[in-house]
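Numbers 10 to 121, taken from the working numbering, label the letters of the sequence shown in order.
Where a beta carbon is used, it is the ideal one built from N, C-alpha and C, also for glycine.
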Amino acid sequence: MDPKRREILIRLAEEYGTPLYVYFLDIIKERVVNLISIIENYLRNYLIAYACKACSLLYVCSYISKMGLGAEVVSDGELYIALKAGFNRDKIIFDGVSKSDYEIGYWIKNKS
Numbered sequence: 010m011d012p013k014r015r016e017i018l019i020r021l022a023e024e025y026g027t028p029l030y031v032y033f034l035d036i037i038k039e040r041v042v043n044l045i046s047i048i049e050n051y052l053r054n055y056l057i058a059y060a061c062k063a064c065s066l067l068y069v070c071s072y073i074s075k076m077g078l079g080a081e082v083v084s085d086g087e088l089y090i091a092l093k094a095g096f097n098r099d100k101i102i103f104d105g106v107s108k109s110d111y112e113i114g115y116w117i118k119n120k121s
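What follows is the structure, encoded as structure tokens:
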């Protein structure tokens with residue numbers, strides 16, 4: 010780990026205690042850019058969708074949505090976050106099993 014990042018993490022842990030979740034947005038951006046560059050070598054028509062279940066923090070999701078990615082959601086709560094974060098509605102994939110009538114209705118209502 011980069012010594013500067015290590016120092017930041019130690020300082021934050023001392024200030025806020027642990028466990029503590031810290032996201033370095035520059036690393037997220039770097040990984041997205043790398044993924045796009047690899048995929049573009051093989052495909053022209055594709056959608057990279059961020060799995061909102063991985064981290065549904067609004068700030069992180071909003072940052073990712075601004076990079077033009079889609080969102081993969083499995084619940085009405087994740088769909089709510091994806092919409093609030095600014096993901097393009099046409100790039101939201103609502104999948105998974107065992108959807109309630111409420112969740113299906115929520116998706117239909119918010120899709121258009």
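Self-check item: DSSP state of Ala91 mapped onto helix, strand, coil
Solution: Locating residue 91 in the sequence shown gives position 82, counting from the first residue. Three-state DSSP puts Ala91 in a helix.
Self-check item: 6 Å CB neighbourhood of Leu91 in its chain, flanking five on each side removed
Solution: The residue given as residue 91 occupies position 82 in the sequence shown. Looking at the sequence provided, one finds Ala at residue 91 rather than Leu. Closer than 6 Å at the Cβ level, and outside the excluded window around Ala91, lie Cys61, Ala80, Val82, Ile101.
Quiz item: Taking the continuous beta strand (DSSP E) assigned at Gly114, which residues delimit it?
Solution: Along the sequence shown, one-based indexing puts residue 114 at 105. Segment 110 to 120 is the alpha helix (DSSP H) holding Gly114; no beta strand (DSSP E) there.
Quiz item: Quick one: is the Cβ of Glu39 within less than 7 Å of any heavy atom of the ligand PLP?
Solution: Looking for the ligand PLP in the displayed structure turns up nothing, as the structure carries no ligands at all.
Quiz item: Opposite Val82 in the DSSP bridges: which residues?
Solution: Numbered from 1 along the sequence shown, position 73 holds the residue referred to as residue 82. DSSP lists Phe103 as partners of Val82.
Quiz item: Does the Cβ of Val69 have 16 or more other Cβ atoms within 10 Å, making it buried, or fewer, making it exposed?
Solution: Counting from 1 along the sequence shown, the entry for residue 69 is found at position 60. Val69 is buried by the Cβ-count criterion.
Quiz item: Leaving out the 5 sequence neighbours to the left and right, which residues in its chain are closer than 6 Å to Ile19 when beta-carbon positions are compared?
Solution: By one-based count along the sequence shown, residue 19 stands at place 10. Counting only Cβ-Cβ distances below 6 Å, and skipping sequence neighbours, we find nothing.
Exercise. Can you say whether Phe33 is buried or exposed, counting buried as having 16 or more other CB atoms within 10 angstroms of its CB?
Key: On the sequence shown, residue 33 is found 24 positions in, with the first residue counted as 1. Flag for Phe33 reads exposed.
Quiz item: Are the CB atoms of Tyr59 and Ile73 nearer to each other than 8 Å?
Solution: As a first step, residue 59 is located in the sequence shown; it is residue number 50 there, counting from the start. As a first step, residue 73 is located in the sequence shown; it is residue number 64 there, counting from the start. Yes.
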